[in-house]
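**Student:** Position in the sequence shown (first residue = 1) + 25 = the numbering used here. Just so you know, even glycine gets a beta-carbon here, dropped at the ideal spot from N, CA and C. Quick caveat, the model's predicted, so the values are computed rather than measured. Got a structure for you, questions after.
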Amino acid sequence: MKRIAVFASGSGSNAQNIIEFFQKDPTASVVLVLSNNPNAHVLERAKLLDVDSIVFDKAQLSDPQQVLGQLIDYKIDFIVLAGFLWRFPEHIIHKFEHKVVNIHPALLPSFGGKGMYGMHVHKAVVAANVKESGITIHYVNAQYDEGAIVFQAKCIVTAYDSPEDVAQKVHELEMKHFPEVIKGLLQAND
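Pasting the structure below:
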């Protein structure tokens with residue numbers, strides 16, 4: 026069984042969805058949740074779901090002996106970024122080449138890059154008057170939102186949609202697709 030670590034900075038709804046999915050699926054198990062935010066609700070979700078969690082700061086993330094060392098100690102096979110807001114360090118990316126994925130709440134390459142997360146993305150989508158948005162699951166590289174795209178799913182954006190409406194549509198796509206895409210990637214890497 027593959028061992029997954031999930032990095033998250035906030036609420037953790039995607040992390041919870043992934044944990045619960047793999048509690049019912051023998052492909053993998055989420056064994057560790059990591060957060061840069063000691064007040065992130067994802068830590069409470071992990072605790073309630075009996076998953077270990079670690080909080081770290083920038084210095085610990087940058088130090089190859091710290092966070093990377095913990096990933097190795099936990100025998101992690103695959104890393105999922107689910108609302109993790111910091112640039113991911115290259116030393117972890119190199120150690121887990123093609124085994125680190127992120128989800129972005131828009132159709133990359135549009136509406137990506139530094140500072141483009143959460144409601145910032147949905148406000149930009151509405152302001153641009155685009156006809157569709159969605160999710161992009163991609164491999165993580167050294168640049169924000171520039172790794173190879175693995176999967177995209179779309180939703181319609183109407184002229185009447187608020188950023189909150191778009192956020193709800195995108196969230197539904199995340200809940201539906203993210204765990205299944207992770208499962209497919211794990212099976213493809215076997």
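Is Ile162 closer than 7 Å to Val206 when the C-beta atoms are compared?
**Tutor:** Walking along the sequence shown from the start, residue 206 turns up at place 181. Walking along the sequence shown from the start, residue 162 turns up at place 137. A contact, by the Cβ cut-off of 7 Å.
**Student:** Between the alpha carbons of Leu68 and Ser34, how many angstroms are there, rounded?
**Tutor:** Here residue 68 refers to the residue found at position 43 of the sequence shown. Here residue 34 refers to the residue found at position 9 of the sequence shown. Approximately 9 Å between the Cα atoms of the pair.
**Student:** Measure the C-alpha to C-alpha separation of Ile79 and Ser60 and round it to an integer number of angstroms.
**Tutor:** Translated into positions along the sequence shown, residue 79 becomes position 54. Translated into positions along the sequence shown, residue 60 becomes position 35. Distance between the alpha carbons of Ile79 and Ser60: 6 Å.
**Student:** Pull up the CB-CB distance for Ala167 and Ile118, whole angstroms please, since I reckon it's below 8 Å.
**Tutor:** Walking along the sequence shown from the start, residue 167 turns up at place 142. Walking along the sequence shown from the start, residue 118 turns up at place 93. Sure, about 7 Å apart at Cβ, within 8 Å.
**Student:** Tell me which same chain residues have a C-beta within less than 7 Å of the C-beta of Tyr142, skipping the five on either side of it?
**Tutor:** Counting from 1 along the sequence shown, the entry for residue 142 is found at position 117. Contacts found: Leu110.
**Student:** Does the segment 81-99 come close enough to the segment 200-215 that 3 or more CB-CB pairs lie under 8 Å?
**Tutor:** Short answer: they don't touch.
**Student:** Could you check if Arg112 is buried or exposed, using at least 16 other CB atoms within 10 Å of its CB as the buried criterion?
**Tutor:** The residue labelled residue 112 in the question sits at position 87 within the sequence shown. Counting Cβ neighbours within 10 Å, Arg112 comes out exposed, since fewer than 16 surround it.
**Student:** How is the alpha helix (DSSP H) around Gln212 delimited, first residue to last?
**Tutor:** In the sequence shown, counting from the first residue as 1, residue 212 sits at position 187. That run of the alpha helix (DSSP H) goes Pro188 to Ala213.
**Student:** Roughly how many angstroms separate the alpha carbons of Phe121 and His129, rounded to a whole number?
**Tutor:** For the purposes of this step, residue 121 is taken as the residue at position 96 of the sequence shown. For the purposes of this step, residue 129 is taken as the residue at position 104 of the sequence shown. C-alpha separation (whole angstroms): 20 Å.
**Student:** What does His123 pair with, by DSSP beta-bridge criteria?
**Tutor:** Locating residue 123 in the sequence shown gives position 98, where the first residue counts as 1. His123 pairs with nothing; no bridge assigned.
**Student:** Is it a yes or a no for the segment 191-198 touching the segment 147-159, going by three-plus beta-carbon pairs under 8 Å?
**Tutor:** Yes, the segment 191-198 is in contact with the segment 147-159.
**Student:** Where does Tyr169 land, buried or exposed, given buried means 16+ other C-beta within 10 angstroms?
**Tutor:** On the sequence shown, residue 169 is found 144 positions in, with the first residue counted as 1. The residue is buried, with at least 16 neighbouring Cβ atoms inside 10 Å.
**Student:** Would you call His145 buried or exposed, if buried means 16 or more other Cβ atoms sit within 10 Å of its Cβ?
**Tutor:** Taking the first residue of the sequence shown as position 1, residue 145 is located at position 120. So His145 ends up on the exposed side.
**Student:** On a Cα-Cα basis, can you pick out the residue from Asp186, Thr183, Pro204 and Ala30 that is closest to Phe176?
**Tutor:** Here residue 176 is taken as the residue at index 151 of the sequence shown, counted from 1. Selected option, being the one with the closest Cα: Pro204.
**Student:** Asp77 and Leu106 - do their beta-carbons sit closer together than 7 Å?
**Tutor:** Position 81 of the sequence shown, counted from the start, is the residue given in the question as residue 106. Position 52 of the sequence shown, counted from the start, is the residue given in the question as residue 77. Cβ atoms of Leu106 and Asp77: not closer than 7 Å.
**Student:** Can you name, in chain order, every residue of its own chain whose Cβ lies under 7 Å from the Cβ of Phe136, other than the five neighbours on each side?
**Tutor:** Walking along the sequence shown from the start, residue 136 turns up at place 111. Result list for Phe136: Val146, Ala149 and Val150, in chain order.
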